[in-house]
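Below is one structure, written out as structure tokens; the observations come after it.
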Amino acid sequence: MREHEGNTHRRFYHRTIRKIHDTLNVPEDLCFVYVQHAFSPCINHLSSVGDRLAAIIPKGSSSRGNPDVVRKLHELFPGKVLSEVTRHHLTDASYAVQLLKDVTKGRPFAILEYGGYFAPSAVRIATDRYLGPKLVGFVEGTENGIKGSDDGLTPGYQQFASDIPCPVVSKSKSNIKRIMDLEIGPAIVESSDNLLRRSCGSRLQHWRGTIGVIGLGSIGRGVLQSLRKYNCTPLVYDADPSVMAELAYQQNNIVSQRAILTQSDILFLNTGSCFLSQQPDLLSHLKENVILILCTSGEVEAGIPQLIEAGDLKHITSESSDDIAIYQTRSGKNVRVMLGNDHTGQAPNMIVEDGSGSPANLMSDMEFYALGAYLASAQNTLPANTISTSPAELQNLVLTEWLQEFYPASVDENPATGHSQISTLTPQPTENGTSASLAEIDTQQKQVV
Numbered sequence: 007m008r009e010h011e012g013n014t015h016r017r018f019y020h021r022t023i024r025k026i027h028d029t030l031n032v033p034e035d036l037c038f039v040y041v042q043h044a045f046s047p048c049i050n051h052l053s054s055v056g057d058r059l060a061a062i063i064p065k066g067s068s069s070r071g072n073p074d075v076v077r078k079l080h081e082l083f084p085g086k087v088l089s090e091v092t093r094h095h096l097t098d099a100s101y102a103v104q105l106l107k108d109v110t111k112g113r114p115f116a117i118l119e120y121g122g123y124f125a126p127s128a129v130r131i132a133t134d135r136y137l138g139p140k141l142v143g144f145v146e147g148t149e150n151g152i153k154g155s156d157d158g159l160t161p162g163y164q165q166f167a168s169d170i171p172c173p174v175v176s177k178s179k180s181n182i183k184r185i186m187d188l189e190i191g192p193a194i195v196e197s198s199d200n201l202l203r204r205s206c207g208s209r210l211q212h213w214r215g216t217i218g219v220i221g222l223g224s225i226g227r228g229v230l231q232s233l234r235k236y237n238c239t240p241l242v243y244d245a246d247p248s249v250m251a252e253l254a255y256q257q258n259n260i261v262s263q264r265a266i267l268t269q270s271d272i273l274f275l276n277t278g279s280c281f282l283s284q285q286p287d288l289l290s291h292l293k294e295n296v297i298l299i300l301c302t303s304g305e306v307e308a309g310i311p312q313l314i315e316a317g318d319l320k321h322i323t324s325e326s327s328d329d330i331a332i333y334q335t336r337s338g339k340n341v342r343v344m345l346g347n348d349h350t351g352q353a354p355n356m357i358v359e360d361g362s363g364s365p366a367n368l369m370s371d372m373e374f375y376a377l378g379a380y381l382a383s384a385q386n387t388l389p390a391n392t393i394s395t396s397p398a399e400l401q402n403l404v405l406t407e408w409l410q411e412f413y414p415a416s417v418d419e420n421p422a423t424g425h426s427q428i429s430t431l432t433p434q435p436t437e438n439g440t441s442a443s444l445a446e447i448d449t450q451q452k453q454v455v
């Protein structure tokens, strides 16, 4: 079954890459530098990239949980897997510039990443006398990588975009990212359930305490829906009044921020805003021995490293299975953090070898590739010195190929060629009914974040 699945994935990757190359005039020597999670499906994707892979920096959160995947990457792509490189390394602009010179070897290149690792050095990279003319642009896959953390300690591309003389593209609001996010919440809940069973001897559906969810964005809503499948009725809170009103209308158990903190025995955090380090006094409201489950990394979610550095949290020990770390607040209250033994904290789905295991992730891989190719093509009209969204035509190209592979009955074939019909990268009607060129469509889609 796994072999068949791998063949299907490889076929999708190769066919979509061919379609991208047929649609765009991609330079033969274009290469990509990835910052990507160390999940097993990425192996098939990187294999399909071939010589265009200049380097991959596996993200620390998933690398720690999936060392076998990292070892496999080293075996398959010798010299191209930079597992020793961290976010901290890349804040040093001189280090980042030299690294890119070493791996791109004078070829045109794009940086395709999750998490804004290169953001602090982006201006220096883009203005370097040697690298600047070769760099076609940056593509960022997450909202946190664009915005950075709310405490300013982890900057994103937004802080530097006006000084970057090449395009910066955000995938965070694309339809493909929205579809992919639907799978993340369920993966977090399933992995949390397994970790709780292993460390506490109880499943979510049998949990006798109160469960809470803070932050009801796309991932948080996925967490909420999955908890319902486990017969859980969690407390919910979001800082946005419109979200709270919608949740109330849908008959969810909405409560105040203070109530959810004081009543929850398990608390899923999905704020992406250094929620606790921004307001360390909130630690005093947490219930004794609460289990905090971070839906993104501990740096940009609860701000665990920042709390430790400020003395607001102190690591005490870990529970027997090593799945839950015990911290103590200034007032002596114990707080448990799932997967928090690294003094940062990981999202539970980061330790699952195949991530969410969803074929929807293949769309995101190909959106990255398509954007990198587009930035290097003559058709690129995205501006420098700002942040642009992913062009709808590129998304539709990828989505059509994905549907053709996984749901072929949904796609008509062109009788003349036998291939699926797509309308990507062609003139589309504008609001006034006239025809718009690709450049005009892209202009309509530009968005400063």
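Residue numbering for the sequence shown follows this note's numbering, beginning at 7 and increasing consecutively.
Glycine included, C-beta positions come from ideal geometry on N, C-alpha and C.
All values derive from a computational prediction rather than experimental measurement.
Pick from the options that is closest to residue i, judged by C-alpha positions
i      : options                           : result
Ile170 : Val219, His15 and Ala128          : Ala128
Ser279 : Leu288, Val145, Ser176 and Val306 : Val306
Arg342 : Ala308, Val195 and Asp28          : Ala308
Thr335 : Lys320, Met186, Leu267 and Asp328 : Lys320
Val174 : Phe124, Glu196, Arg184 and Ile194 : Phe124
Ile357 : Ala44, Asp35 and Ile272           : Ala44
Phe374 : Asn355, Pro389 and Thr395         : Thr395
Ser198 : Lys107, Gly162, Cys172 and Tyr236 : Tyr236
Asn200 : Leu118, Leu345, Leu292 and Ser68  : Leu345
Leu82  : Gly71, Arg70 and Ile62            : Ile62
Leu400 : Asn150, Pro64, His27 and Gly66    : His27
Tyr40  : Leu159, Gln104 and Leu118         : Leu118
Val195 : Pro354, Asp156, Ser270 and Thr239 : Pro354
Asp246 : Ile220, Val229, Ala99 and Leu230  : Ile220
Phe115 : Ala99, Ala132 and Gly122          : Ala132
Leu105 : Tyr120, Gly122, Gly121 and Lys86  : Lys86
Arg70  : Leu409, Thr350, Trp408 and Gln410 : Thr350
Ser303 : Ser68, Asp35 and Val404           : Ser68
Leu388 : Cys172, Gln263, Ser270 and Asn295 : Cys172
Ile310 : Ser383, Glu294, Ser155 and Ile182 : Ser155
Thr29  : Val417, Ala316, Pro47 and Asn386  : Asn386
Endpoints, the beta strand (DSSP E) within which residue i is located
i      : result
Glu528 : With the chain covering only 7 through 455, there is no way to say anything about residue 528.
Gln334 : Ile330 to Thr335
Ser262 : No beta strand (DSSP E) contains Ser262, which DSSP labels as neither H nor E.
Ala116 : Phe115 to Glu119
Tyr243 : Leu241 to Tyr243
Gln42  : Cys37 to Gln42
Leu210 : First-last for Leu210: undefined, no H or E at that position.
Leu273 : Ile272 to Leu275
Other residues of its chain near residue i: CB distance less than 7 Å, five sequence neighbours each side excluded
i      : result
His95  : Tyr101
Val229 : Gly191, Ile194, Val195, Val219, Phe274, Asn276 and Cys301
Ile23  : Ser54 and Tyr375
Backbone secondary structure at residue i - three-state DSSP
i      : result
Ser394 : strand
Arg342 : strand
His388 : According to the sequence displayed, residue 388 carries Leu and not His. In the structure shown, Leu388 sits in coil (DSSP, three-state: anything other than H, G, I, E or B).
Pro173 : coil
Lys235 : helix
Thr302 : coil
Thr160 : coil
Leu82  : helix
Val87  : strand
Thr406 : helix
Phe124 : coil
Gly151 : helix
Leu400 : helix
Thr133 : helix
Ala316 : coil
Glu324 : A quick correction: the sequence has Ser, not Glu, at residue 324. Residue state, collapsed to three classes: strand.
Ala61  : strand
Cβ-heavy atom distance, residue i to the ligand MG, below 7 Å
i      : result
Trp213 : Among the ligands in the structure shown, none appear at all, so the ligand MG cannot be discussed.
Distance between beta carbons of residue j and residue i, contact taken as under 8 Å
i      : j      : result
Leu241 : Thr216 : 6 Å
Arg204 : Asp329 : 6 Å
Ala379 : Val32  : 5 Å
Glu146 : Ala366 : Their Cβ separation, rounded to whole angstroms, is 19 Å, which puts Glu146 and Ala366 out of contact at 8 Å.
Asp271 : Ile299 : Incorrect: roughly 11 Å between the Cβ atoms, too far for contact.
Residue interval of the alpha helix (DSSP H) (run including residue i)
i      : result
Phe281 : Phe281 to Gln284
Lys293 : From DSSP, Lys293 is part of no alpha helix (DSSP H); its letter is neither H nor E.
Val109 : Ala99 to Thr110
Pro192 : Asn181 to Cys206
Gly218 : Taken as a continuous stretch (DSSP letters only), Gly218 belongs to no alpha helix (DSSP H), being part of the beta strand (DSSP E) at Ile217 to Ile220.
Leu52  : Pro47 to Val55
Ala353 : Unbroken run through Ala353: none, as it is neither H nor E.
Phe374 : Ala366 to Leu381
Ala251 : Pro247 to Tyr255
Nonlocal neighbours in the same chain, by C-beta distance under 6 Å from residue i, ignoring five residues either side
i      : result
Asn258 : Val242
Pro126 : Thr97 and Pro161
Met250 : Asp244 and Ile260
Ser168 : Asn391
Gln352 : Ser67 and Leu345
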